[in-house]
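In the numbering used here, the protein residues as written are 16 to 422. For every residue, glycine included, the Cβ atom is placed at its ideal position computed from N, Cα and C. If you're wondering where the values come from, they're calculated on a predicted model, not measured in any experiment. Only one structure is covered here, and it is reproduced in the block below.
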């Protein structure tokens, strides 16, 4: 479970929290088959206990953002899915000089459950959220995203930045592929007016996979534009593309004459492919005194999800959060993802998710919360797909003047 601060005036305050909730999950999917040879699907009631710390702390030149989320769950049946989830999001921004700033992000998790991270904290990196949102099975997985960025403010109008990142996904089961990846990015931004900022960016990505031969190299470039529509509304646009080179092993038919000699009809060869993928995004966001709203559309590259390797990715999402009073907070989100493998003969992966929740402060540090989430996905051409639902009702404790939404 992630967390979101419920009121903008409390952004510079670290807040601990703990909660206990009854939970009902459907569509639980392990990496095993039943007596009929089908991937199992279970539903169960259980108890979910969560704990963590969320918020920011500021010094004269440095701002630290911290999100630690832990949750332990136990089901009355299907204890295979019992477990402890933990994640850590750490952001550090340091103003080294009047013109130079350094930004660091560390996002890591050990989790056991497909619902984990459907609506995460803004302190986690985008790469990290993409990794855990697209996992298919309820099995223990370790995730890591580490990045660093240097920003140079040449003038009031001109800025430049460069950075790099590393990602890893390691499922415990040997049935799924393990991922490693590195990347580098650089951009130049120029502020044309108080409302308009334009820029250009270059992006490099390299993915490789353990337990599966193959890797991918991608070079991308794009133009960027940010427009401040009003004091509250911001429009962000990016347009460009990637050149992606992928390699992997591919099964081929052997010439009949050769097959008659060696007694083998198929062989393995290295498959190499060059693909061009769009690198585009459009986002509209609104920040107001007691909440926020955002909608986004993106197309680019995905490192995969343990079955799919390097893929073209398309996604869209919308989020709304509102703290109407000192007692009440409401939030909702919905999203869509599509993966098309660039080096495998797999059908398209399509995934949908949505959720909504409400937190009501009872008095003092105590609150009551309720939440409903859903996720549906299918793998084209395989007949395999799942529909998950989760319902929660519980109590939480967190100091502070406004309710803290525990998702």
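The continuous alpha helix (DSSP H) containing residue 146 extends over residues 141-148. Residue 203 and residue 404 have their C-alpha atoms spaced approximately 43 Å apart. In the DSSP annotation of this structure, the continuous segment of the beta strand (DSSP E) that includes residue 58 starts and ends at 57-73. Sorting 209, 80, 237, 216 by C-alpha distance to the C-alpha of residue 245 places 209 at the top. For residue 176, the secondary structure class from DSSP, reduced to helix, strand or coil, is strand.
Scanning the segment 162-234 for uninterrupted beta strand (DSSP E) segments of 3 residues or longer gives 173-186, 193-206, 211-225, listed from N- to C-terminal end.
Under DSSP, residue 29 forms no beta bridge with any residue. Rounded to whole angstroms, the Cβ separation of residue 98 and residue 127 is 4 Å, and the two are in contact under 8 Å. Where residue 312 is concerned, the enclosing beta strand (DSSP E) starts and stops at 306-317. Non-local C-beta neighbours of residue 110 in its own chain, meaning closer than 8 Å and more than five positions away in sequence, comprise 76, 77, 116, ordered along the chain.
Within its own chain, the residues whose Cβ lies closer than 7 Å to the Cβ of residue 303, once the five positions on either side in sequence are excluded, are 247, listed in chain order. In the three-state scheme derived from DSSP, where H, G and I count as helix and E and B as strand, residue 326 is classed as strand.
In the DSSP assignment, no residue is bridged to residue 294.
Counted as a single uninterrupted DSSP element, the beta strand (DSSP E) harbouring residue 110 occupies residues 98-110. Annotated three-state conformation of residue 413 is coil, per DSSP. Rounded to the nearest whole angstrom, the CA to CA distance from residue 381 to residue 31 is 12 Å. Here residue 356 carries a strand assignment [DSSP, helix/strand/coil].
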